[in-house]
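Beneath this line is the structure, given in structure tokens, with notes to follow.
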Amino acid sequence: MQLYTSQEIDKFQQDLPYLIEISTWVRNFLAKPHPDLGRSGKVCPYVPFALKADTIQLAVIRPEKLIQQEIEDIVRKYRDVFLQAEPTTGEATIYKVFLLIFPSIQIENTPTLIDEVQQKLKPYFVEAGMMLGEFHMRNQSPGLHNSDFRPLRSPVPILAIRFMVEQDLPFLKSSHDAPQIRIKYLETYLQRFAKKFKDDKNYYQAIHALAVAKQELIENKSSPTSKFLKCPFSSIH
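At position 66 of the sequence shown the residue is numbered 66 (this note's numbering), and the sequence of numbers has no breaks.
Dropping the structure here:
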């Protein structure tokens, strides 16, 4: 039996339209094929299974100050909540998803309050075998199979939390990240899926990408003008 206070009802009324909008977007976009996807299947192959298992949970977040540090603190707390939320064991854990919805973030502020938060906190999530994804209307990240497709665009700004899967390798070896970051990402990836790779290509590609990142790091250390001299992991505690 669930009881509500008057204030809880008011808050729920404010949040409900966004919960419905994003839930509909998940079902009608992420869980469906798309003509511009560049491959067969759903935009996100895991979503239909997550919907069936009912493991996608949504929260409407309304930061008081709308500053980057406040949002970072909120997302860090949800990381810990995610790790404790059911399911915590078994195959169903890979379908567990938190969608943190930020309706008060204006579209022009998404580069700072969504993209930069995601970029800064991603190492903190990856080290725990998790992924942090960013979605909003101006997201320019291209599809893996069609560079003109934008799969990470959503009607409302979102930060998504889930566990890392084997297919995440392309997001962990990107040349846009400093070699220090890639080394940490790829070492975590290889450790997480050691002796459990379903596709040997992912293993060999990860090994190759790790070797490339280490070589780049050596070359960067010998170059005083390198833009990657400072390791961003030094500020992650």
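Where a beta carbon is used, it is the ideal one built from N, C-alpha and C, also for glycine.
- Pairwise C-beta distances place the segment 180-195 out of contact with the segment 140-153, as fewer than three of them are shorter than 8 Å.
- A distance below 7 Å between beta-carbons, with the five flanking residues on each side excluded, links V43 to the following residues of its chain, in chain order: F29, L30, K32, H34, L37, P151.
- Taking a C-beta distance under 8 Å as the contact criterion, L99 and Q118 do not qualify as a contact pair.
- In this structure, V26 sits near I56, with a CB-CB distance shorter than 8 Å.
- Around L51, the same chain offers V26, R27, A31 as residues with beta carbons nearer than 8 Å, after the five sequence neighbours per side are excluded.
- Apart from the 5 residues on each side of it in sequence, F193 sits with its Cβ closer than 6 Å to the Cβ of E166 in its chain, given in chain order.
- One thing to note: Y46 has its Cβ no nearer than 8 Å to the Cβ of Y4.
- When secondary structure is reduced to three states using DSSP, E134 falls in the strand class.
- Straight-line measurement puts the Cα of K77 at about 16 Å from the Cα of L66.
- Using a 10 angstroms sphere on the CB of P17, the tally of other CB atoms stays under 16, which defines it as exposed.
- Q205 sits close to L169, with the two beta carbons spaced by under 8 Å.
- When the beta-carbon positions are compared, V156 and I22 come within less than 8 Å of each other.
- Between Q180 and L217, the C-beta gap is smaller than 8 Å, which places the two residues in contact.
- Counted as a single uninterrupted DSSP element, the stretch harbouring I107 is not any alpha helix (DSSP H), since DSSP gives it neither H nor E.
- Judged by DSSP in its simplified three-state form, F29 adopts helix.
- Between L83 and L58 the beta-carbon gap is near 18 Å, outside 8 Å, which marks them as no contact.
- In this model, I158 and D54 are separated by some 19 Å (Cα to Cα).
- Closest in C-alpha terms to V212, from the list A178, R39, I71, I101, comes A178.
- In this structure, the beta-carbon distance from S6 to R62 does not fall below 8 Å.
- The Cβ atoms of R138 and V97 lie no closer than 8 Å to each other.
- Taken atom to atom, the span from the alpha-carbon of H136 to that of G41 is near 23 Å.
- Between D10 and V60, the C-beta gap is not smaller than 8 Å, which leaves the two residues out of contact.
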